[in-house]
Amino acid sequence: MIWWAYAGLSGAIVSSFVFVAWIVGVPANALVQLAVATASVMLTGAMLASLAAIMFRRPRSGRRAITHR
């Protein structure tokens with residue numbers, strides 16, 4: 006569910022960047038490049054955050070680790 010929210014947020018950010026650039030008068034080719042670059046940065050950030058969350062979370066098993074006394 007959180008990824009749906011992130012997808013909506015990143016889509017809003019990409020579309021707002023493209024819209025502002027379009028209003029300013031940036032050529033169409035540069036608009037496409039801006040959209041691709043912004044979406045790539047957002048996707049890379051999401052992948053890194055996902056990998057970090059997987060690496061640093063605790064194991065889900067209910068059993069405790071066996072300790073030797």
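What the sequence shown shows, in this note's numbering, is residues 6 to 74, in sequence order. Quick reminder that beta carbons are idealized off the backbone N, C-alpha and C, glycines included. Note that this is a predicted model, so its numbers are computed, not measured.
Worksheet item: Sorted by chain position, which residues of the same chain lie with C-beta nearer than 6 Å to Val46's C-beta, five sequence neighbours on each side aside?
Response: What you label residue 46 is simply residue 41 of the sequence shown in a count that begins at 1. Taken in chain order, the list of residues that qualify is empty.
Discussion item. With H, G and I counted as helix, E and B as strand and the rest as coil, what does DSSP make of Val31?
Written reply: Along the sequence shown, read from residue 1 onward, the residue named residue 31 stands at position 26. Coil at Val31, not helix or strand.
Practice prompt. Under 6 Å Cβ to Cβ from Ile28, same chain only, skipping five residues before and after it: list those, please.
Written response: Taking the sequence shown and counting its residues from 1, the one referred to as residue 28 is at position 23. So the list is empty, once near-sequence residues are dropped.
Fill in: CB contact flag (Thr43, Ile18, <9 Å)
By 1-based counting over the sequence shown, the position of residue 43 is 38. By 1-based counting over the sequence shown, the position of residue 18 is 13. Cβ distance < 9 Å, so Thr43 and Ile18 count as in contact.
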